[in-house]
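Here is the structure we will look at.
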Amino acid sequence: MLTTVSGNEFLLHSDDDSIHDWYKTIRHVIDKLSKKGGSTSGISIWKSSSSEELNRSEGDNSNKSNPKEPKPEHRKSLILRLNHSSSDTSEKKRVKSRLKKFISRRPSLKTLQEKGLIKGNVFDS
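Listed below in structure tokens is the structure:
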């Protein structure tokens, strides 16, 4: 169990041994922060799934000065996600209708056996 400087508690669990390396690294950073009195100086913060490093002090100041400013990259990803989901539903409908047509037009098992395409039980049933 890890307890951060702010009091948050986290439980790390994994069957993989690499979790021990994560635990040691996180524990080291928490100990380092608690010795410095909770400041984040000297610690790099990275944007999730990106190689862009965030400057914590600049990010905090910009949020305090104008908290309602829209974030263009968030809006862009939301628009892409919405467009993708609408095309997803149309694609699902198209596949569903094609499968219905295929199933309704396929010949019966009896017909296939009469034509000699299937001999006996197919899947031992």
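Each residue of the sequence shown is one higher than the last, beginning at 1 in UniProt numbering. In this text, a Cβ means the ideal position worked out from N, Cα and C, and glycines have one as well. The structure presented is a predicted model; accordingly, all values stated were derived computationally and were not measured.
Please report how far the alpha carbon of residue i lies from the alpha carbon of residue j, in whole angstroms.
i: serine 6; j: serine 34; result: 9 angstroms
i: asparagine 8; j: isoleucine 30; result: 11 angstroms
i: isoleucine 118; j: isoleucine 19; result: 54 angstroms
i: glutamine 113; j: arginine 105; result: 17 angstroms
i: glycine 116; j: valine 95; result: 30 angstroms
i: lysine 100; j: lysine 92; result: 12 angstroms
i: threonine 3; j: serine 14; result: 18 angstroms
i: histidine 28; j: phenylalanine 10; result: 15 angstroms
i: aspartate 88; j: lysine 32; result: 47 angstroms
i: proline 120; j: lysine 110; result: The residue asked about is misnamed: residue 120 is glycine in this sequence, not proline. Going from the Cα of glycine 120 to the Cα of lysine 110 covers about 11 angstroms.
i: isoleucine 26; j: lysine 36; result: 15 angstroms
Based on the DSSP output, what are the partners of residue i in its beta bridges?
i: phenylalanine 102; result: Answer is none; phenylalanine 102 lacks a bridge partner.
i: glutamate 9; result: Thr3
How is residue i classed by DSSP in three states: helix, strand or coil?
i: leucine 112; result: helix
i: leucine 33; result: helix
i: histidine 20; result: helix
i: lysine 96; result: helix
i: aspartate 15; result: coil
i: isoleucine 26; result: helix
i: asparagine 63; result: Caution applies to asparagine 63, whose pLDDT of 46 falls short of 50 and renders its modelled position unreliable; the model cannot decide the point.
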